[in-house]
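Residue numbers (my numbering), protein chains in the order written: chain A, 28 to 316; chain B, 9 to 646. Cβ atoms here follow ideal geometry from the backbone N, Cα and C, with glycine treated the same way. These numbers were taken from a predicted model, which means no experiment stands behind them. The block underneath contains the structure these notes are about, expressed in C-alpha cells.
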C-alpha cells in the first residue's frame, strides 16, 4: 500500500461518518418540517451517539455486541472496496455479511420483538439481493469486467443504458435505509408496533456502534447510486443526493406495507424490469468502454 | 509407487469393512481411529506419488476382469433378489433391464485387453475428500450410533460399519479407475451400498426410501451402461479419458459422441439427485445422520458431478454444454427455493446439496476454463462444509431431540461448541471469504456470458442467503431458558472440530489448492488454463478480483476489536424486554392475555410455504427438469 491509499483509507474512515451523520441530521430536519415541527439541530445524530457511548452497557447476552462489531467492520470494508474500485459482485457479497451480522445480532438476543424484526429483515434480503446482483451483472455487461475501475474510466455513464435497473435500485435504497413503506424490521422513527424491531435489545455503546455503522452505510448505499453517473462525479453526486432526498420524501408520504407486499413488488415488478434491462444489454451488446 | 497406493486405497478400506464385520462392538472406536489415520496418510501418499496412469495387462488383467464380471453379476442378482423378496416391482423391472443390458454388453461389446487407473489432480482431490472426510464421518458415527440404536431398539451396527467402509472402497475405485467397464461396477456398488444404508432402520419407511434410491439410481445406471455400450461399439472408446481425447480433436468428433456423452451425464444427474431424480436423496434422510453425511458430502452424490466434470472436454462450448448449464442452473434455483420453505433441518440441507450440485453441473456445462475450475473447487469446499453441517444436525438431534429448526432457538446456550461449529458450517456456505462463496462467485462471473444461467444463479444465490440466514439466526438466538446440556463424546467432537478446522484452512489456502490441483486439471481437460492469478491474497481473473486475505484479516480485526472493547464498557446483564407490566409476574417470559392467564411468547421464522412450498414447486420442477433433460438428449442426437 502506498501513501496515497493509506491517506484514502484514513479519509474514508473519518470522512464517511461525518457525511453520514450530516445526512441523517438532514433527514430528521426534513422529516420534521414535513410533519410541521421545527426539528432537531443538524448535528443531533452526533449528540445522540455521544450520549449513547456514555451510557451503561446493558446487554441480554455476551455475544450480542460481537455481531454489531462485525456489522460495523464489514460495512466499512464494503465502503472501502467501493472506494478502491474493487469487484462489484464481491462488494455485494461482503455487504451481505454486514446485513446478516445485524440480523443474527438481533436474533441472538432472543427477544420476540427482535426475532420478528429479524425475520422481516431476512425477507428484505430476499427482496433486494437479486436486484443488487443484477445491477452488478449490468455493470459487467457494459464494461466487460466486474471491476469498478472500468466504470469510473468510462466516458459514458452507466445510467444511459440501465434506466430500469436504476428505478429498481431506488427501491433497494428505500428498503436498505429501512424507510417507509419498507420500515418493518426496525425504524428510526417512532412509528412501528415492534418496539424497535430487530434492535430492541440494543442500547448504550452497542447501539452507538449501530448508529455509526448506519452513517457509513448511508455513504455506501448512495455510493452505489453514484456509480450510475460516475463518468462525471459532479452529476453522479447530484443523482445520489436527489435519490436520497427522494427516499426521505417517500418515507414521509407513504404508510408501511406488509412485508409480503414488498416481496411481491420485488419478485414481480423489480425483477421483471431489471431482467428486461439485462436482456436489452445482452442483445444490443452495447459497451461503454 | 503409485500402483501400491492405488491398491492400498482399494484393499485397505475393504479390509476394514471385514474387520468391522468380524470384530466386536468394543473394537469399533479403535478401528475407526485407525481407519481415519489410514485415510489421511494414504490420500496424502497418493498426492506425493504424483499423477500417473497404472495399466493392468496380461494374466493380472484377466484375473481382475473375471472378478469384476463376477461382482457385476452378483450385484444384479442381489438387486433382483431383494426386489423380489420385498415385492417391489418397479425395482425388479429395472433390475431385469439392467441384467439384460449387462448380458448384451457381455456378448456383443468387444472385450478390452487391459484396464487402467488414471490418477490426475481431480482424482487426488476426490481421494482426499473420500478418505479424509469419509473416515471422519465413520469416526463420528462411533460416538453416535449407540445412542441412535438405543432410541430405535436396533442392533445392526455390524452391517452399518461394513457397508460404510465398503462404500468408501467403492468410491475410491470409482474416482481412480479409467476403464468404463470397471467404473460401471464401482458405480453400481455405490448404488447398492446406499440402498443398504438408507433402509438401515428396516422399517417400512426406510425400506421404501431405500428402494426409491435403488430404482432411480438404476435408471441412471442403465443410461450410463447404454452410453458405455454406444461408446465401445461405435467409437471403440473404453476409457473415461479416451472420450476427452477423442472429442478433443474437433467439433465433428464432439458432435459424434454427443449422444453417449449425454447418456453418461444423465447417469451422473441421477447419482447427484438432480431434478427430477431428487426424491431419492430427500428420502435418504430417514437413515442415521452419518449415512446422510456420507451420501451428501464425500461419496454418492459426488460421483455424479465427478463424472460430469470429467466429461467436460466432450461438451465444452457445444449446444449440449449449454443445455447442461441451463439444466444445472435450473436445479440450483428450484431447490434453493424449495429449501426456503422447509423447517426440517435435514431437508433444508438435502435441498441445499442438490442445489449446490446443480451449481457444479451448471459450471461444468458452461465449460470455460474459469467455470470448470469453479466446479472442481466447489466439489471440494461443498463436501467439507456439508459433512460438517450434517454431522452437526445429527448431534443437535441428540441434544434437543428434534431436527425442526423451530425447536432450535437457544441452542447456543445448550451446546455452545456445537452451535458455533454449525454456525461456521452455515457461514462457510454463504458468506465470503469462505471457499463455497468464493467458488460461487467465480462460477457467477464465469456464467455471466449466458443470460439464462446467470439469472438462475443470481436468484438461487439470493435464496441460499435467505434460508441459511434464517437457520443461523435461530441457532444463535439465546432464549432466557437456561439448561445447558452436557453431551460430549470425544469421537463426535473430534470429527466436528476437525471438519470445522478444515473449512478454515482450505479457505485460507484457496489459491494454493487452486494452483496445485485445479489449474493443472483444467489444463488436462480443456488444454487451456484459467487466466487466474493470485498474489498477496488476491485472486484475480480477467473479469474480476477477490481479496480473500483482506477479508480474513478484517474478521480477525473484528474479533480483536470486540475483545478489546468488551472490557471497556462493563456489561450489565438484563432480561429482555417483554412489554413491562405485562410480564412482571411468573418467569418474565410470558405475556398476560385478555383472560388473565399467561401465554408463552412464540415467534417462528418465515417459510413462505404458500409460494415456495413443495406442493407448489415440485410438480413444476419435475415438468421443467424433464423437458430440459429431453432437450439435453435432443442436443445429443441432433
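- Contact of residue 142 of chain A with chain B by beta-carbon distance below 7 Å involves 485, 611.
- What residue 174 of chain A touches in chain B, judged by beta-carbon distance under 8 Å, is 551, 552, 553, going in chain order.
- When the five nearest sequence neighbours on each side are left out, the beta carbons in the same chain lying within less than 7 Å of the beta carbon of residue 625 of chain B are those of 342, 345, 346, in order along the chain.
- When C-alpha distances from residue 638 of chain B are compared across B/150, B/451, B/252, B/284, the shortest belongs to B/284.
- With a cutoff of 8 Å on beta-carbon distance, residue 533 of chain B and residue 320 of chain B are scored as near each other.
- Residues of chain B with a Cβ closer than 7 Å to the Cβ of residue 289 of chain A do not exist; the shortest Cβ-Cβ separation is about 12 Å.
- When Cβ-Cβ separations below 8 Å define contact, residue 157 of chain A makes contact with chain B.
- Under DSSP, residue 554 of chain B shares a beta bridge with B/547.
- Membership of residue 614 of chain B in any beta strand (DSSP E) is not indicated, and neither H nor E is assigned to it by DSSP.
- In the structure shown, residue 602 of chain B adopts coil according to DSSP, grouped into three states.
- Under the 8 Å criterion on CB atoms, residue 228 of chain A is classed as interfacial with respect to chain B.
- Between residue 393 of chain B and residue 521 of chain B, the C-beta gap is not smaller than 8 Å, which leaves the two residues out of contact.
- Following the DSSP letters along the chain, one finds residue 210 of chain B in no alpha helix (DSSP H), marked with neither H nor E.
- Take the alpha-carbon of residue 381 of chain B and the one of residue 185 of chain B: they are about 22 Å apart.
- Unbroken beta strand (DSSP E) runs of no fewer than 3 residues, entirely contained in the region 46-111 of chain B, are found at 60-64, following chain order.
- Judged by pairs of C-beta atoms under 8 Å, the region 255-265 of chain B does not touch the region 275-291 of chain B, as fewer than three such pairs exist.
- Every alpha helix (DSSP H) stretch that sits fully inside the region 177-246 of chain A and reaches 4 residues is listed by chain position as 190-203.
- Within the same chain, Cβ atoms closer than 8 Å to the Cβ of residue 52 of chain A are found at 67, 68, 69, 70, 71, 72, 73, the five residues on either side in sequence being excluded.
- Distance from the CA atom of residue 242 of chain A to the CA atom of residue 45 of chain A, rounded to whole angstroms, is 8 Å.
- Interface criterion not met: the Cβ of residue 190 of chain A is under 8 Å from no Cβ in chain B.
- Burial of residue 553 of chain B is indicated by the presence of at least 16 other C-beta atoms within 10 angstroms of its C-beta.
- Put simply, the region 460-468 of chain B does not touch the region 113-128 of chain A. Fewer than three CB pairs are less than 8 Å apart.
- Counting C-beta atoms within 10 angstroms of its own C-beta, residue 478 of chain B has 16 or more neighbours from the protein chains shown and is therefore classed as buried.
- DSSP, reduced to helix, strand and coil, places residue 160 of chain B within a helical segment of the structure shown.
- For residue 253 of chain A, the closest Cβ of chain B is not nearer than 8 Å.
- Boundaries of the beta strand (DSSP E) around residue 124 of chain B: 123-127.
- Within chain B, 552, 553, 554 have C-beta atoms less than 7 Å from the C-beta of residue 114 of chain A, given in sequence order.
- Chain A has a Cβ within less than 8 Å of the Cβ of residue 580 of chain B.
- In the three-state scheme derived from DSSP, where H, G and I count as helix and E and B as strand, residue 503 of chain B is classed as helix.
- Rounded to the nearest whole angstrom, the CA to CA distance from residue 13 of chain B to residue 167 of chain B is 27 Å.
- For residue 123 of chain A, the residues of chain B that pass the 7 Å Cβ criterion are 439, 473, in the order they occur in the chain.
- The beta carbon of residue 620 of chain B sits closer than 6 Å to the beta carbons of 345, 348, 349 from its chain, once the five residues preceding and following it are set aside; these are given in chain order.
- Taking a cut-off of 8 Å for Cβ pairs, the region 90-98 of chain B and the region 349-364 of chain B do not touch, as fewer than three such pairs fall below it.
- Our two residues, residue 253 of chain B and residue 322 of chain B, have alpha carbons roughly 9 Å apart in a direct line.
- The Cβ-Cβ distance between residue 529 of chain B and residue 282 of chain B does not fall below 8 Å.
- Under a criterion of Cβ atoms nearer than 8 Å, the residues of chain B adjacent to residue 150 of chain A are, in order, 474, 614.
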